Structure formats: structure tokens, C-alpha cells
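Here this note's numbering is used: the first residue of the sequence shown is 73, the next is one more, and so on.
A quick write-up on the structure given underneath.
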Amino acid sequence: MDTSVSDLIQKAIEGDEGAYKQLLENYRGAIYNLLYKMVRNKEETEDLVQEAFMKAFKALPSFNEEYAFSTWLYKIAINNCIDHMRKKRLKTYSINKPVQSKDGELGREFPDTSMSPDKDILSTERSKIIEAAIYELPENYKIAIILRHSEEKSYEEIAHILNIPLGTVKARIFRAREMLKKKLKGKLFPR
Numbered sequence: 073m074d075t076s077v078s079d080l081i082q083k084a085i086e087g088d089e090g091a092y093k094q095l096l097e098n099y100r101g102a103i104y105n106l107l108y109k110m111v112r113n114k115e116e117t118e119d120l121v122q123e124a125f126m127k128a129f130k131a132l133p134s135f136n137e138e139y140a141f142s143t144w145l146y147k148i149a150i151n152n153c154i155d156h157m158r159k160k161r162l163k164t165y166s167i168n169k170p171v172q173s174k175d176g177e178l179g180r181e182f183p184d185t186s187m188s189p190d191k192d193i194l195s196t197e198r199s200k201i202i203e204a205a206i207y208e209l210p211e212n213y214k215i216a217i218i219l220r221h222s223e224e225k226s227y228e229e230i231a232h233i234l235n236i237p238l239g240t241v242k243a244r245i246f247r248a249r250e251m252l253k254k255k256l257k258g259k260l261f262p263r
């Protein structure tokens, strides 16, 4: 592990508020980005980031220096986010449910990306469609695919963060990719 991170951790354990602040500054952006991809709500993400760091700082004395601090922090943040999503799931409804129109017919609304004349706008729309498809994945697949492709974690790091076997990580990522192919078929490059 990086000696400066190790020193910051030791100082934080000893009560140095500057060390806590530096750790927060060093990792806040990465944790925010990860959690935002999971919940897609700025206010919830802010709350989850705060909770993750509070839990991490409270558990700092139990940190094992054999592992990267970032991996340990990701694990805490993801577990906290999973708990949050499970509690929230009871209060939400599926975005796949049909929407009733004024004339009483059931249908679904999808963004029309074919009318975008500018390549940047089209690229942004495609990104939104992909993000929406990832957001709709079952929780365990969503987390694995975000860690692999958005956070660029290795299979081994993902296995450690999620505390699951390496084979399970590979299977989840494979299945997530297959689900995404089905969800995105015909949406990204309409003919």
C-alpha cells in the first residue's frame, strides 16, 4: 500500500482531523461517481457518500493493510448502498410498468434519439440509454458491471469488494452483458 495513504490512515486512527479530511478529499470523487451510477439521484448519492465515509472512518482501526484502501472503501460504500436500495425498493415502482395514455391505452415511453442532428447530442443520448439499461439490471449484476466497466476494477478486485468467488464475478459480468445486449438491441443504432 502507498506509504502516504498508510500514514494518513494511521494519523486518522490517532485522531488527526487533517488526515480524515485528506482521506475524504482523496476518495470522495471516486465514491460519489460509483454511488451515483447505482442510484442516479444527486441528493441520495450525497447522503450515501457521507454515510459510507462515516462508516469507514468508524471502522478504520479494523482496516487490513494487505488490501488497497480504495478497495476497502468501495466495499463499505457498495454494501451501504445495497442496504439503502433494498430499503428503498419497498417504496418504489418499476420503470418498466406501462404508462396509461389519455385515451386509456397502455404503452411505454422511450426517448427518441433518431431526431438528434448533432453527433454530441446523439452520443449523450446513447450514454443515457446505456445508463438507464444498466440501472434496470438486477442489483448484483448492476454492481458488477459498474465496477468492471465504469470503475475499471479487475475481476479480482471486484471479487474482494463484493466478497464473492472470482468465478461468480465473471459469471455476473457475462450475464449482465447478455442482459444489456437484449435490452439495448435496436435502441442504440436504429435502422
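Note that beta-carbon positions come from the ideal geometry of N, C-alpha and C, so glycine has one too.
Note that the structure is predicted; figures quoted are calculated from it, not measured.
Test item: CB-CB of residue i and residue j under 8 angstroms
i      : j      : result
Phe141 : Ile206 : no
Tyr92  : Phe129 : yes
Thr143 : Glu229 : yes
Ile150 : Ile236 : no
His156 : Leu209 : no
Glu137 : Ser78  : yes
Same chain, Cβ closer than 8 angstroms to residue i, five either side skipped, listed in chain order
i      : result
Arg249 : Ile217
Lys127 : Ile148 and Asn152
Pro183 : At Pro183 the pLDDT is 48, less than 50, meaning the model places this residue with poor confidence and gives no usable figure here.
Lys96  : This sequence places Leu at residue 96; Lys is not what is there. Cβ neighbours of Leu96 beyond the five flanking positions: Phe125.
Assumed close pair residue i, residue j - CB separation to whole angstroms, cut-off 8 angstroms
i      : j      : result
Arg198 : Leu260 : 6 angstroms
Leu256 : Ile202 : 7 angstroms
Leu145 : Tyr99  : 6 angstroms
6 angstroms Cβ shell around residue i - same chain, five flanking residues per side excluded
i      : result
Pro133 : Ile85
Met110 : Cys153
Lys225 : Leu219
Ala204 : none
Ser222 : Lys109
Spatial neighbours of residue i in its chain, beta-carbon cut-off 7 angstroms, leaving aside the 5 residues before and after
i      : result
Tyr40  : This structure gives no information on residue 40, because the portion of the chain shown stretches from 73 to 263.
Glu123 : Asn152
His112 : In the sequence under discussion, the amino acid at residue 112 is Arg, which differs from the His named in the question. Once the five neighbours on either side are set aside, the close Cβ partners of Arg112 are Tyr207.
Contact test: residue i Cβ vs the ligand MG heavy atom, cutoff 7 angstroms
i     : result
Val77 : Ligands displayed in this structure: none; no statement on the ligand MG is therefore possible.
Contact with chain B by residue i, beta-carbon distance below 8 angstroms
i      : result
Ala204 : Structure shown: chain B not included; a single protein chain is present.
**Item:** Length at least 4, wholly inside the stretch 124-156: the alpha helix (DSSP H) runs in chain order
**Value:** none
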